[in-house]
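Notes follow once the structure below has been shown.
Numbering (full-length UniProt numbering), first residue to last: 1 to 1090.
Structure follows, in structure tokens:
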């Protein structure tokens, strides 16, 4: 027993001694967190300062809760605490986003805040600035893996149209790809734009298609991203992105035996969204290569080796569920930009180098290449580096393929067989790179990488060159894009319902699925426009016009699909319904004018019951709307106010608007337009200028002066009687100051940077638009009240504010035509002293999917304060929130507390030096539509992730997805069956993103040198649902924390089978899915069989 006791004491002493040694080593050598906390937060003594040191997670979290008052620094040891320069939390997170063995978290907003002040810095030159980095001497001690990735960046339209690029370059690139990958099993290539690839595929023989399938199966050709295009990440709505991803992924799956892309490839979009990689991750793509982010942030990432990180969503920063592995390229994607020393890399650019690397020169070339690779590897943590080999529209010649392959093969053989070099050179695809890199990260040999949340807007490739102009450029087409998205979504829903009905019908002659070809064409044209030089407005004028023609064709394709599907679903015994309006490439809207009795068919594309105001254009006031019971409904007739070619007030026909009864989800309701005097429904009109009374002589006239308030039962809106612009809003008994105005900037011409399609660079501070020409008209009727303002005739401004009865929303409609102006950029501004508070916060949306907190960056110039405004933004204090919703993507800024500024239109004669080599002077008369609302609050979330209330989400959906109205002309009674495909409304916080019919593989037939396409629909559709984050749980919308949706309780028809899949249907997640479980922000896809 004595021996055991002594041994026990000895063991305890040994353990204690070892513990003390380990503790000393830990204290001496382990990086620590040191916090300097202002004593006002701790002891409330402003004279005292205190340093708190802790590495305990709990203590750190308590101290971090005091942000931003705490100053934090990571130091080497205790003795150096006082010697270390203290810095702010944000700067620290930029510099030290990780600790010794545990990766930390970085917020991109902190990276922007840590950029050194630019105001007094000289402007840089166009072209990406080189990385500012203190390189260390290289050695062969550490093994390095080098991956050379041959690629060609092929824009589906930019300086030339999509078809011109294909004929002149892309066809040859892909022909060469097939030939040379077939010869060389160890050669690699990547393809990103499925839009180009599908066009090339349509021309190939069955034998060539089979050869390419083998090449793809061998891993020689990798489809990166696999979407229809490499999407823009600022302006594209998440519905648009999902649809163009779906189109590309479905094509690959149909033609390559269920092929599933592994890697995202986003090397050219101008700034990076956090939502796009999330959508990719939901599609089964877990990793990606990215490029264009702020040049100064690239310097910081190089310093701290954070070019590779785990991208985490702002709504789930503490969860790894949606993690995405991101690689940021330090340089542009051109072959000669891949090295720290560009002159050296130019020698390995075989577009311009015509001399092969051979056994004679390989030693010298390999030494220089390895030196650059080892220098570049200092940016990363795993001694694994990428070298892209290619340019825009590259590999068009056989010679370049041969020089690239034989030269890198020779160099790879030399390096890989020379052990003293301690390196491996791979000719590879991105997925092969990630496979090696991720294996290294799982070992103890390499440090972990950090996680990161947020996005990378704004983008700047050089000091003062802020690419924030393209958020707004060519707004006519941005508006047209949103109109088409609505029509495609509606056409897809109606066709899917019709096809479902068709599969159950015994008589097959009542409906033709041949119209599906039109829907597929519309999807693909719309997908093409999501390209990062299309929806951005950054292509040459002729190319933009070509895009516009494609969008118009797609709109009319959708029109046909909607009309045919409605005719079949409603079992109408009359003519096919004809849509009452359709956008076009030359006009904002083509509207039918009615002068005789008709039947009106109103379709609701939303998954819940709605009641909406519907408007049609009339020739006269002798028509009245009645419901199915032959009862007059609430309606009004008022003048259709426009601006003429001289910028003067004008009236074009009259408009009849009525409030519908509740329309069922995805259903229809029918009304009759009968011959009956309707003068009783005429709205009254008041004008600020007596000269305008004659225009409205057929309408009741009221006095303009003496009343400057509009009301609707919920709101009281005060306006300035001189300008007609909004001044304040009273809601829930409280008045909020909201002053609306228009401001304009003069575009900078010289020196660089200049304002252009990409860059916003004003020559001066903003100036208020002159209001001396303003004329005001007040229209008040039984359905809504509208304030109409005409502004300066040189820009043909038409500004309308509409208050629907008993609505909490303020609708704003603007029309502009600035073709008489030059170097002119105009914005709508709203300012509020009630929101000018210290606690005020500013949020904008990310692709319409989520909202992110934004900061006024005092270190950066005015153009850097602009962010993408895709669907929503808001300002809020502890007491009130101002919501701003937009129909079309634009740029938005909050230049000071309590202010929002929305850029509406831009016209510049100069090129901004980003490659387009044109100004933007092809402007058209342009519409913009918004909704503003106020919400009373009680506190702030103080979070990076913004949350809209369900009411505001529904208002945004109302703006984006209005009812689709068709008319059947004629006095005879028309038999129509109301469409009611859903059993009940979906939950109030669940949005139906899409009901999309699935496609068989397209069949191609060549006739007279022209390829004709025939695509048949499957008896299946993808139902895509998104549960948004309802910020305000109240009586309007209360949702459970976890939501379960039973599929057999959604549709009235019986579902034959169902399969839960990844977002774009490529991966099967749950067979025979009976229900779907949703947490907040989940998007889920289920494929339902008829």
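Don't be surprised by glycine CBs; every beta carbon is placed ideally from N, CA and C.
**Prompt:** residue 597 lies in the beta strand (DSSP E); which residues open and close that run?
**Reply:** As a first step, residue 597 is located in the chain shown; it is residue number 597 there, counting from the start. Looking at the DSSP string, residue 597 is not in any beta strand (DSSP E), and its letter there is neither H nor E.
**Request:** Return helix, strand or coil for residue 1115, following the three-state DSSP convention.
**Result:** Residue 1115 lies beyond the residue range present for the chain, which begins at 1 and ends at 1090; the question has no answer from this structure.
**Prompt:** Quick one: any contact between the region 497-510 and the region 945-954, if contact means 3 or more CB pairs under 8 Å?
**Reply:** no
**Message:** Taking its Cβ as the centre, do 16 or more other Cβ atoms sit within 10 Å of residue 111, making it buried, or is it exposed?
**Reply:** Here residue 111 is taken as the residue at index 111 of the chain shown, counted from 1. With 16 or more other CB atoms across the displayed protein chains lying within 10 angstroms of its CB, residue 111 is buried.
**Prompt:** DSSP puts residue 734 in a beta bridge; with which residues?
**Reply:** Position 734 of the chain shown, counted from the start, is the residue given in the question as residue 734. The partner list for residue 734 (beta bridge, DSSP) reads 731.
**Request:** Could you tell me the boundaries of the beta strand (DSSP E) in which residue 639 lies?
**Result:** Taking the first residue of the chain shown as 1, we reach residue 639 at position 639. From DSSP, the beta strand (DSSP E) with residue 639 extends over 635-643.
**residue 672 - partner residues in DSSP beta bridges** = Taking the chain shown and counting its residues from 1, the one referred to as residue 672 is at position 672. Beta-bridge partners of residue 672 (DSSP): 599 and 626.
**Prompt:** Any idea what DSSP makes of residue 783, helix, strand or coil?
**Reply:** Within the chain shown, the letter at position 783 stands for residue 783. DSSP places residue 783 in coil when its eight states are reduced to three.
**Request:** Decide if residue 865 is buried, meaning its Cβ has at least 16 other Cβ atoms within 10 Å, or exposed.
**Result:** Here the question's residue 865 lines up with position 865 in the chain shown. By the neighbour-count rule (16 or more Cβ atoms within 10 Å), residue 865 is buried.
**Prompt:** With C-beta atoms as the reference, is residue 633 less than 8 Å away from residue 640?
**Reply:** Residue numbering aside, residue 633 sits at position 633 when the chain shown is read from its first letter. Residue numbering aside, residue 640 sits at position 640 when the chain shown is read from its first letter. Contact flag unset, no.
**Prompt:** Ordered along the chain, which non-local residues of its own chain (more than five positions away) have a Cβ less than 7 Å from that of residue 380?
**Reply:** By one-based count along the chain shown, residue 380 stands at place 380. So the list reads 305, 307 and 308, once near-sequence residues are dropped.
**Request:** Verify whether the separation of the beta carbon atoms of residue 874 and residue 862 is less than 8 Å.
**Result:** Position 874 of the chain shown, counted from the first residue, corresponds to residue 874. Position 862 of the chain shown, counted from the first residue, corresponds to residue 862. Their beta carbons are not under 8 Å apart, which means residue 874 does not touch residue 862 by this criterion.
**Message:** Bridge partners for residue 657 per DSSP, in chain order?
**Reply:** Translated into the one-based positions of the chain shown, residue 657 becomes position 657. Residue 657 pairs with 615 and 636.
**Request:** Tell me, please, which residues DSSP counts as bridged to residue 916.
**Result:** Taking the chain shown and counting its residues from 1, the one referred to as residue 916 is at position 916. BP columns for residue 916 are empty, so no partner.
**Request:** Specify whether the region 996-1005 and the region 674-686 touch according to this definition: at least 3 beta carbon pairs, one from each stretch, less than 8 Å apart.
**Result:** no
**Asked** What's the gap between the Cα of residue 25 and the Cα of residue 136?
**Response** Position 25 of the chain shown holds residue 25. Position 136 of the chain shown holds residue 136. Summary for residue 25: the model assigns pLDDT 39, below 50, so the residue's position carries little reliability; its value from the coordinates is reported in the next sentence. The straight-line gap from Cα to Cα measures roughly 28 Å.
**Distance between beta carbons of residue 328 and residue 411, contact taken as under 8 Å** = Translated into positions along the chain shown, residue 411 becomes position 411. Translated into positions along the chain shown, residue 328 becomes position 328. Contact flag wrong, Cβ pair sits at about 26 Å.
**Prompt:** In the structure shown, what three-state DSSP assignment does residue 427 receive?
**Reply:** As a working note, residue 427 is residue 427 in the chain shown. Residue state, collapsed to three classes: strand.
**Request:** Could you pull out every residue in the same chain whose Cβ sits closer than 8 Å to the Cβ of residue 764, ignoring the five residues on either side in sequence?
**Result:** Position 764 of the chain shown holds residue 764. If the five residues before and after residue 764 are omitted, its C-beta is found closer than 8 Å to the C-beta atoms of 745 and 746, all from its own chain and listed in chain order.
**Message:** At the level of alpha carbons, what is the spacing between residue 1026 and residue 503?
**Reply:** Here residue 1026 is taken as the residue at index 1026 of the chain shown, counted from 1. Here residue 503 is taken as the residue at index 503 of the chain shown, counted from 1. Here the C-alpha atom of residue 1026 lies approximately 28 Å from the C-alpha atom of residue 503.
**Request:** Just tell me which of 490, 496, 906 and 700 has its CA closest to the CA of residue 477.
**Result:** One-based indexing of the chain shown puts residue 477 at position 477. Per the Cα distances, 906.
**Message:** Beta-carbon within less than 8 Å of residue 159's beta-carbon, same chain only, minus the 5 sequence neighbours each way: which residues are those?
**Reply:** The count along the chain shown starts at 1 and reaches residue 159 at position 159. 539, 540, 543, 915, 916 and 917, listed in sequence order.
**Message:** Quick check on the DSSP output: what are the complete beta strand (DSSP E) runs of length 3 or more inside the region 833-857, in order along the chain?
**Reply:** 841-846 and 850-854
**Request:** Go to residue 524, then tell me how far its alpha helix (DSSP H) extends in each direction, as first and last residue.
**Result:** Counting from one through the chain shown, the residue named residue 524 turns up at place 524. Per DSSP, residue 524 belongs to the alpha helix (DSSP H) from 516-529.
**Asked** Who are the near neighbours of residue 783 in its chain, counting only those whose CB is closer than 8 Å to its CB and skipping five residues on each side?
**Response** The residue given as residue 783 occupies position 783 in the chain shown. Cβ neighbours of residue 783 beyond the five flanking positions: 613, 634, 635, 636, 657, 658, 659, 804 and 805.
**Request:** Please confirm whether residue 408 and residue 299 have their CB atoms less than 8 Å apart.
**Result:** In the chain shown, the residue the question calls residue 408 occupies position 408. In the chain shown, the residue the question calls residue 299 occupies position 299. The answer is no: Cβ separation not under 8 Å.
**Prompt:** Where does residue 84 land, buried or exposed, given buried means 16+ other C-beta within 10 angstroms?
**Reply:** Stepping through the chain shown from its first residue, residue 84 is reached at position 84. A caution first: residue 84 carries a pLDDT of 30, below 50, which makes its placement in the model too unreliable to give a value.
**Item:** Three CB pairs or more closer than 8 Å across the region 486-495 and the region 516-524
**Value:** yes
**Asked** Which residues share a DSSP beta bridge with residue 827?
**Response** Along the chain shown, read from residue 1 onward, the residue named residue 827 stands at position 827. Paired residue(s): 743 and 903.
**Beta-bridge pairing of residue 933 - partner residues as DSSP gives them** = Position 933 of the chain shown, counted from the start, is the residue given in the question as residue 933. In DSSP, residue 933 forms a bridge with 883.
**Message:** Between residue 755 and residue 748, how many whole angstroms is the CB-CB distance? I'm expecting something under 8 Å.
**Reply:** Translated into positions along the chain shown, residue 755 becomes position 755. Translated into positions along the chain shown, residue 748 becomes position 748. Between residue 748 and residue 755 the Cβ distance is about 5 Å, and since that is below 8 Å, they are a contact.
**Pair within 8 Å by beta-carbon distance, residue 232 and residue 852** = Translated into positions along the chain shown, residue 232 becomes position 232. Translated into positions along the chain shown, residue 852 becomes position 852. No.
**Prompt:** Between which two residues does the alpha helix (DSSP H) containing residue 1071 stretch?
**Reply:** Here residue 1071 is taken as the residue at index 1071 of the chain shown, counted from 1. Segment 1068-1071 is the beta strand (DSSP E) holding residue 1071; no alpha helix (DSSP H) there.
**Request:** List the residues that DSSP assigns as beta-bridge partners of residue 1021.
**Result:** Here the question's residue 1021 lines up with position 1021 in the chain shown. DSSP, once it has assigned bridges, lists 997 and 1088 as partnering residue 1021.
**Request:** Run the CB neighbour count on residue 694, radius 10 Å, all protein chains shown included, and call it buried at 16 or more, exposed below.
**Result:** What you label residue 694 is simply residue 694 of the chain shown in a count that begins at 1. That one is exposed.
**Asked** For residue 1145 versus residue 105, is the C-beta distance shorter than 8 Å?
**Response** Residue coverage of the chain in this structure runs from 1 to 1090, which leaves residue 1145 outside it and unanswerable.
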